[in-house]
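Written below as structure tokens is the structure these notes are about.
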Amino acid sequence: MAKVEKLSSAKRFGARYGSKPKHKFAKIEKEQRKKHKCPYCNKVQVKRVAMGIWHCRKCNSKFTGKAYSISKQIAAEDQQAEESQVEKPQVEEDQQTEEKQEDIEEQQIEKQKAEKSEENLVQNG
Ligand SMILES: [Zn+2]
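Take any residue in the sequence shown, note its place counting from 1, add 279, and you have its number in the numbering used here.
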């Protein structure tokens with residue numbers, strides 16, 4: 280069974296506008312209405328003032344963020360990402376990073392070769 284989130288705030292639309300848009304809307308509005316974690320004092324007291332403007336009730340700081348949440352990822356996705364990271368063994372992650380570094384080094388070497396060949400062409404021409 281797929282997990283179905285409740286419409287909650289989108290119930291105010293009644294039978295109109297279709298199920299899928301309403302569910303998408305409810306997810307976003309739930310995120311924008313909840314209290315977020317303050318990046319300055321780490322208290323969960325940040326409320327949305329207007330689009331992209333957030334205010335912390337604890338330390339009274341007002342700052343910009345995303346339109347419907349403080350950071351790019353919404354909280355539900357954050358939790359999933361953290362869980363998946365925990366499940367992965369660390370050895371695999373290390374191997375992946377090493378491979379990436381090797382790729383980058385290879386690319387740099389190729390770039391250097393390309394630059395040298397260009398220089399040779401210029402000298403010859
Ligand atoms: Zn704060």
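Cβ atoms here follow ideal geometry from the backbone N, Cα and C, with glycine treated the same way.
- The three-state reading of DSSP puts A393 in helix, counting H, G and I together.
- Just so you know, the alpha carbons of K316 and K390 end up roughly 44 Å apart.
- For K341 and G293, the gap between their C-alpha atoms comes out near 35 Å.
- Look at which beta carbons fall closer than 7 Å to any heavy atom of ligand 1; those residues are C317, Y319, C320, K322, Q324, V325, C335, K337, C338, S340.
- Boundaries around H302 are those of the alpha helix (DSSP H), 298-312, since no beta strand (DSSP E) includes it.
- Judged by their CB atoms, Q324 and K309 are not nearer to each other than the 8 Å cut-off.
- Within the same chain, and ignoring the five residues on either side of Y347 in sequence, the residues whose Cβ sits closer than 7 Å to its Cβ are I307, E310, Q311.
- In the DSSP annotation of this structure, R291 is not part of any beta strand (DSSP E), being labelled neither H nor E.
- Using a 10 angstroms sphere on the CB of R327, the tally of other CB atoms reaches 16 or more, which defines it as buried.
- Spatial neighbours of C338 in its own chain (CB-CB distance under 6 Å, excluding positions within 5 residues in sequence) are listed in chain order as Y319, C320.
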